[in-house]
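**Student:**
2 protein chains.
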Amino acid sequence: MTVPPPQQAIDFCATMTDEQDEFAREMLERVSARWPLRTLQILQAAGGPLRFSRVLERVGGISQKVLTQTLRMLERDGLITRTLYPQVPPRVEYELTPLGYELLLQTVPLWHWIIEHLPAFTAARHEAAKR
Amino acid sequence: MTVPPPQQAIDFCATMTDEQDEFAREMLERVSARWPLRTLQILQAAGGPLRFSRVLERVGGISQKVLTQTLRMLERDGLITRTLYPQVPPRVEYELTPLGYELLLQTVPLWHWIIEHLPAFTAARHEAAKR
DNA sequence: CCGAATCCAATTGGATACTG
DNA sequence: CAGTATCCAATTGGATTCGG
Chain A
1 MTVPPPQQAI
11 DFCATMTDEQ
21 DEFAREMLER
31 VSARWPLRTL
41 QILQAAGGPL
51 RFSRVLERVG
61 GISQKVLTQT
71 LRMLERDGLI
81 TRTLYPQVPP
91 RVEYELTPLG
101 YELLLQTVPL
111 WHWIIEHLPA
121 FTAARHEAAK
131 R
Chain B
1001 MTVPPPQQAI
1011 DFCATMTDEQ
1021 DEFAREMLER
1031 VSARWPLRTL
1041 QILQAAGGPL
1051 RFSRVLERVG
1061 GISQKVLTQT
1071 LRMLERDGLI
1081 TRTLYPQVPP
1091 RVEYELTPLG
1101 YELLLQTVPL
1111 WHWIIEHLPA
1121 FTAARHEAAK
1131 R
């Protein structure tokens, strides 16, 4: 694997104010909960606006209630937009914002790393199970 | 900010098997839950083994029960080691593994990005609150 | 000291029914 | 169609007590 970057890269965490630290961890927690990242990914893959029903289908396994909550949260944080077309029946479209896209990109290295190390995790668990 | 990297970087998600995808997301979820990352960070900052009580103090706000669960999980995944010294009273030390350190490093860019964009999130929420 | 066990409060999530 | 509202089951987390 690669040589670990300097300690400094992590130590900067200590330079944050408590307020920053709390808010940052709140965002990290939020974004990496069960559905938000997947939802963003679906919207990214769509390459354009997606109706509520389509998102519901593609995310898969999520309930309608939780999807609504997730979308509201992502909208609130400026990661997606919500557009209501006042028709009957109503149409609502969700779309990734540049901010949301950027965030998604930042998660890619971690994602890559995890996938690369899946065997290591499996091995660790197997090892742990023996004891 | 920077120009977005090619689409390809994200699209590789689609190339995974369902099994890989599920396991990878499980790991991502796990590692980015409320305490695991912070616990790893504490152990990293310590620069060496840390007793249970010390971790409990430094993480701050976590209960003994949840810390135990967290540490067990991290150990199971090979991210930390747990060493029991059979004394009276017993001493148990936890230490970051190279794997744990590597994972921690992978999260740094995302962490950085979130902190940089804290104002953007605040602005988005403020904007959302007006409506 | 480390942590397992127990009990309990609070939060979360699914299913269902209903509305603009 | 896109939610909101309601109810309920399951999970989570804290506090406390006990044990090796």
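So the protein lines, in turn, are chains A and B.
The first sequence begins at 1 in the working numbering and counts up one residue at a time.
The second sequence begins at 1001 in the working numbering and counts up one residue at a time.
Cβ coordinates follow ideal geometry from the N, Cα and C atoms, glycine included.
1) Note down, in chain order, every chain A residue with its Cβ under 7 angstroms from the Cβ of Pro1109 of chain B.
2) Give a yes or no on whether 8 angstroms exceeds the smallest Cβ distance from Ser32 of chain A to chain B.
3) Does the pairing of the segment 1071 to 1088 of chain B with the segment 1034 to 1044 of chain B give three or more beta-carbon distances under 8 angstroms?
4) Going by DSSP, name the residue or residues bridged to Arg34 of chain A.
5) Are any of the Cβ atoms in chain A nearer than 8 angstroms to that of Gly1060 of chain B?
6) Helix, strand or coil for Val66 of chain A, going by three-state DSSP, please let me know.
7) Less than 8 angstroms between CB atoms is the rule here; does Glu1029 of chain B satisfy it with respect to chain A?
8) Rounded to whole angstroms, what is the Cα-Cα separation between Leu1099 of chain B and Pro86 of chain A?
9) Within a Cβ cutoff of 8 angstroms, which residues of the same chain sit near Leu1056 of chain B, ignoring the five residues on either side of it in sequence?
10) Can you pull the chain A neighbours of Met1016 of chain B, defined as C-beta to C-beta under 9 angstroms?
11) For Gln1069 of chain B, which residues in chain A fall below 9 angstroms Cβ to Cβ?
12) Checking contacts by CB at 8 angstroms: is Glu22 of chain A closer than that to chain B?
13) Roughly how many angstroms separate the alpha carbons of Ala1120 of chain B and Thr1081 of chain B, rounded to a whole number?
14) Tell me Arg1072 of chain B's beta-bridge partners as DSSP assigns them.
15) Once DSSP output is grouped into helix, strand and coil, what is the label at Leu28 of chain A?
16) Could you check where the alpha helix (DSSP H) with Thr1107 of chain B kicks off and where it finishes?
17) Tell me the DSSP secondary structure of Leu1050 of chain B in three-state form.
18) Exposed or buried, which one is His126 of chain A when buried takes at least 16 other CB atoms within 10 Å?
19) For Thr1017 of chain B, which three-state DSSP category applies?
20) In whole angstroms, what is the alpha-carbon distance linking Arg1034 of chain B and Glu29 of chain A?
21) Leaving aside the five residues before and after Glu1095 of chain B along the sequence, list all residues of the same chain whose C-beta is less than 8 angstroms from its C-beta, in chain order.
22) At a CB distance below 9 angstroms, what residues from the segment 75 to 86 of chain A approach chain B? Give them in sequence order.
23) Please report whether the beta-carbon of Ala46 of chain A lies at a distance below 8 angstroms from any beta-carbon of chain B.
24) List the whole-angstrom C-beta distance separating Ala1024 of chain B from Leu118 of chain A, where the pair is believed to meet the contact cut-off of C-beta under 8 angstroms.
25) Counting only C-beta atoms, is Arg1125 of chain B closer than 8 angstroms to chain A at any point?
26) On the three-state DSSP scale, how would you describe Arg82 of chain A?
27) Between A:Arg54, A:Thr17, A:Ile114, A:Met27, which has its C-alpha nearest Ser78 of chain A's C-alpha?
28) Does Leu50 of chain A have its Cβ less than 8 angstroms from a Cβ in chain B?
**Tutor:** Result, derived from the coordinates:
1) The residue labelled residue 1109 of chain B in the question sits at position 109 within the second sequence. Proximity of chain A to Pro1109 of chain B at the Cβ level (cut-off 7 angstroms) is accounted for by Gln106, Pro109, in chain order.
2) Translated into positions along the first sequence, residue 32 of chain A becomes position 32. Taking Cβ atoms only, chain B reaches closer than 8 angstroms to Ser32 of chain A, which makes this a yes.
3) yes
4) Counting from 1 along the first sequence, the entry for residue 34 of chain A is found at position 34. Bridge partners of Arg34 of chain A: none, in fact.
5) As a first step, residue 1060 of chain B must be located in the second sequence, where it is residue number 60. Answer no: the Cβ-Cβ gap between Gly1060 of chain B and chain A never drops below 8 angstroms.
6) Numbered from 1 along the first sequence, position 66 holds the residue referred to as residue 66 of chain A. Note: Val66 of chain A maps to helix in three-state DSSP.
7) By one-based count along the second sequence, residue 1029 of chain B stands at place 29. Yes, because at least one Cβ of chain A sits closer than 8 angstroms to the Cβ of Glu1029 of chain B.
8) Working through the second sequence from its first residue, we reach residue 1099 of chain B at position 99. Working through the first sequence from its first residue, we reach residue 86 of chain A at position 86. Per the coordinates, the alpha-carbon of Leu1099 of chain B lies some 52 angstroms from the alpha-carbon of Pro86 of chain A.
9) Translated into positions along the second sequence, residue 1056 of chain B becomes position 56. So the qualifying residues of the chain are Ile1062, Gln1064, Leu1067.
10) For the purposes of this step, residue 1016 of chain B is taken as residue 16 along the second sequence, with counting starting at 1. Correct list: Ile115.
11) For this step, residue 1069 of chain B is matched to residue 69 along the second sequence. Within chain A, no residue comes near Gln1069 of chain B; the closest Cβ sits about 14 angstroms away, beyond 9 angstroms.
12) Taking the first sequence and counting its residues from 1, the one referred to as residue 22 of chain A is at position 22. It does not; no Cβ of chain B falls within 8 angstroms.
13) Working through the second sequence from its first residue, we reach residue 1120 of chain B at position 120. Working through the second sequence from its first residue, we reach residue 1081 of chain B at position 81. One C-alpha to the other measures close to 39 angstroms.
14) For the purposes of this step, residue 1072 of chain B is taken as residue 72 along the second sequence, with counting starting at 1. Answer by DSSP bridge pairing: none, since Arg1072 of chain B is not bridged.
15) Stepping through the first sequence from its first residue, residue 28 of chain A is reached at position 28. Reduced to three states, the DSSP call for Leu28 of chain A is helix.
16) For the purposes of this step, residue 1107 of chain B is identified with residue 107 of the second sequence, where counting begins at 1. Boundaries of the alpha helix (DSSP H) harbouring Thr1107 of chain B: 1098 to 1116, taken from the DSSP string.
17) Your numbering for residue 1050 of chain B matches position 50 in the second sequence. DSSP places Leu1050 of chain B in strand when its eight states are reduced to three.
18) Translated into the one-based positions of the first sequence, residue 126 of chain A becomes position 126. Classification of His126 of chain A: exposed, given that the 10 Å Cβ count is below 16.
19) Along the second sequence, one-based indexing puts residue 1017 of chain B at 17. Three-state result, Thr1017 of chain B: coil.
20) In the second sequence, residue 1034 of chain B corresponds to position 34, counting from 1. In the first sequence, residue 29 of chain A corresponds to position 29, counting from 1. Cα to Cα, Arg1034 of chain B sits roughly 6 angstroms from Glu29 of chain A.
21) What you label residue 1095 of chain B is simply residue 95 of the second sequence in a count that begins at 1. Leu1043, Gly1048, Pro1049, Leu1050, Ile1080, Thr1081, Thr1083, listed in sequence order.
22) Taking 9 angstroms as the Cβ-Cβ cut-off against chain B, the residues of the segment 75 to 86 of chain A that qualify are Glu75, Arg76, Asp77, Gly78, Leu79.
23) As a first step, residue 46 of chain A is located in the first sequence; it is residue number 46 there, counting from the start. No - not a single Cβ of chain B is within 8 angstroms of the one on Ala46 of chain A.
24) Start at 1 with the first residue of the second sequence, and residue 1024 of chain B comes out as number 24. Start at 1 with the first residue of the first sequence, and residue 118 of chain A comes out as number 118. Indeed they touch by this definition, with Cβ atoms about 7 angstroms apart.
25) In the second sequence, the residue the question calls residue 1125 of chain B occupies position 125. Interface residue (Cβ-Cβ distance to chain A less than 8 angstroms): Arg1125 of chain B is classified as such.
26) Sequence index remark: in the first sequence, residue 82 of chain A carries index 82 (1-based). It is a strand residue.
27) For the purposes of this step, residue 78 of chain A is taken as the residue at position 78 of the first sequence. Note on residue identity: the sequence assigns Gly, not Ser, to residue 78 of chain A. Comparing Cα-Cα distances from Gly78 of chain A to each of A:Arg54, A:Thr17, A:Ile114, A:Met27, the minimum goes to A:Met27.
28) Reading the first sequence from its first residue, position 50 is the one you call residue 50 of chain A. By this cut-off, Leu50 of chain A is not an interface position.
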